[in-house]
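In the UniProt record's numbering, the protein residues as written are 1 to 166. Every residue, glycine too, gets a C-beta built ideally from N, C-alpha and C. If you're wondering where the values come from, they're calculated on a predicted model, not measured in any experiment. Just below is one structure, and these are the notes that go with it.
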Amino acid sequence: MKVYFSHGKESGPWGSKIKKLAEIARQHGCAVDSIDYTDMMDPDLRVERLLRLLESEQGDFALVGSSMGGYVSQVVSQRVNAKGVFLLAPALYIPTYKCQSYEKNASILDIVHGWSDDVIPPEHSIRFAQEVKCSLHLIDGDHRLNSSLDTVSKLFDQFICSILAD
């Protein structure tokens, strides 16, 4: 199993959240890769980059995305066969983004969103979770979720265990 991480708009491929979650994935025997999108700000070009990268993937994989990377992971998941998708404060229903409707394609889809997020309203994740009937964890935290990294880590550990057991 390989886990592909997609970072947010103003972040980088190996920020503190991704490092922590990648460590958890490795502890479960997963390979990890974090895609570098720092050369492009357009979310839909990022979608195309991840799709091209996954064309050669022959094993099982999961997608993890934060903020704009959550949008990228979700949109890509609708076109590939990911075992699971884990979204952190995903930038869904953003008027300037190409995709405005979303489907659940992966058997396991979890969302984590902070109640105090003032960048992407938690209502966006609530709407998405209601529409696709997936797990939603609303936790104490802001957009970056750094103050809630222990909670995020526990939820991610449960997610990895679920997809490995599936």
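For V72 against V47, the beta-carbon gap comes to about 5 Å, under 8 Å, which counts as contact. K2: member of the beta strand (DSSP E) spanning 2-6, first to last residue. Beta-bridge partners of L149 (DSSP): none assigned.
In the three-state scheme derived from DSSP, where H, G and I count as helix and E and B as strand, S34 is classed as strand. Note that the stretch 91-100 does not touch the stretch 135-154; fewer than 3 beta-carbon pairs, one per stretch, sit closer than 8 Å. In this structure, the beta-carbon distance from S107 to K83 falls below 8 Å. Per DSSP, V75 is one residue of the alpha helix (DSSP H) stretching across 68-77.
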